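K.L.:
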Amino acid sequence: MRQVNRKLGYEGRRNLVGWCFIALAVFLIALFYIYPVFNSLALSMTSGKGVVTKFVGFNNIIRLFKDSVFKEALKNTFIYFIFQVPIMLTFAMFIAVLLNSKNLKFRGIFRTAIFLPCVTSLVAYSILFRSIFSADGIVNVLLMDLHIIKQPIAWLIDPFFAKVTVILAITWRWTGYNMIFYLSGLQNIDPSIYEAAKIDGASKFRQFTAITVPLLKPIILFTSIMSTIGTLQLFDEVVNLTGGGASSPTLTATMTLSQYIYDLSFKYVPNFGYAATVSYVIVIIIAILGFIQFKVGGNKNENV
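Counting the sequence shown from 1 gives a position; this note's numbering is that position plus 3.
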């Protein structure tokens, strides 16, 4: 009996020491992550600015269905998601396969060059893209010299081309980031698998579809979920490149949900309650898309 009490006493002291080590981290996580989640949920049922708010219940949700700016921002966000994420991940996979070839010289230089955009200053690369896609920028000059267009394209003003510019900018910046994940996964695949497939007469394309893609499913799932979250929270590129379409005829041609949340909080007449409601739309969309992605690709990873 004494031995049991001693054992329990030792385990209790060990648990106490462990909690002492993680207490500060738990407190900070609760303060800066958990509390804001529940506070924003309560805030989404109010209306007003600052501490002067009034309870409105589900009126903010009803307002969403009548808000034309919200609908425009939601549509733009989904356009970026539908087009940019598949294009970026496809490019990242393709480049990773090319850079994984042992016959390619200067692989290190190419890998560094492709990865550099994602660590480039956002302001610097935004200025670069604004210069390249301006009315007298190199893109318009080149297209006119090749007689593809007769007059400059308003890349940063026209609603359609402004979205194209944003998609190109995001793809340029984050393709190298995802490439690193695919490249690390490719380097962990046993080369003997490809050699056996080659002996069996499998083509390069067949090897890619039957070996590379199945073995990279966990990484593909990870990059797709992270890219989905990042694109649905898109804010910096839109604000710095087009200002949300402030120069376009509709003024909201490229606006995203995250920018609309910012504008509701700090640019328009502040309404933190409605801004919190819009933010939960992003949370719900990410949760639904993440669940779908896990169901489609996650459960099959056990069979790889």
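Built from N, CA and C at the ideal position, the CB exists for glycine as well.
None of the values given here were measured: they were computed from a predicted structure.
If we ignore side chains and look at the alpha-carbon of each, how far apart do G51 and R133 end up?
P.N.:
Whole-angstrom Cα-Cα distance: 36 Å.
K.L.:
Considering only the alpha carbon of each residue, which of G111, Y263, S230 lies closest to A95?
P.N.:
When only C-alpha atoms are compared, the closest one is S230.
K.L.:
By how many angstroms is the C-alpha of Y283 removed from the C-alpha of Q236?
P.N.:
Roughly 12 Å separates the two Cα atoms.
K.L.:
Looking at F164: is its Cβ nearer than 7 Å to the Cβ of I156?
P.N.:
Their beta carbons are under 7 Å apart, which means F164 touches I156 by this criterion.
K.L.:
So, under 8 Å CB-CB, E75 and I173 are touching, yes? Tell me the CB distance rounded to an integer number of Å.
P.N.:
About 19 Å separates the two Cβ atoms, so there is no contact after all.
K.L.:
Going by beta carbon distance, what residues of the same chain come within less than 7 Å of S47, once the five residues before and after it are set aside?
P.N.:
Contacts found: N63, G276, A279, T280, Y283.
K.L.:
Spell out the partners DSSP gives T49 in its beta bridges.
P.N.:
Bridge partners of T49: F58.
K.L.:
Tell me which residues share the same chain as S43 and place their Cβ nearer than 6 Å to its Cβ, disregarding the 5 neighbours each side in the sequence.
P.N.:
So the list reads A279, once near-sequence residues are dropped.
K.L.:
Leaving aside the five residues before and after N143 along the sequence, list all residues of the same chain whose C-beta is less than 7 Å from its C-beta, in chain order.
P.N.:
Once the five neighbours on either side are set aside, the close Cβ partners of N143 are P155, I156.
K.L.:
For I264, is the classification buried or exposed, using 16 other Cβ atoms within 10 angstroms of its Cβ as the cut-off for buried?
P.N.:
I264 comes out buried.
K.L.:
Cβ atoms of G293 and I228: under 7 Å apart, would you say?
P.N.:
Contact flag set, yes.
K.L.:
DSSP three-state label for T257, please.
P.N.:
Reduced to three states, the DSSP call for T257 is coil.
K.L.:
Using a Cβ-Cβ cut-off of 8 Å (strictly less than) and excluding sequence neighbours within five positions of Q296, which residues of its own chain qualify?
P.N.:
Excluding sequence neighbours, Q296 sits near L224, S227, I228, T231.
K.L.:
For I288, which of A45, L67, S71, L77 has the nearest alpha-carbon?
P.N.:
Selected option, being the one with the closest Cα: L77.
K.L.:
Using the beta-carbon count (16 or more within 10 Å), is N304 buried or exposed?
P.N.:
Its pLDDT being 46, under 50, N304 is placed unreliably in this model, and the coordinates cannot settle the point.
K.L.:
For a test of the three-state rule: what should DSSP assign to I291, helix, strand or coil?
P.N.:
If DSSP states are grouped into helix, strand and coil, I291 belongs with the helices.
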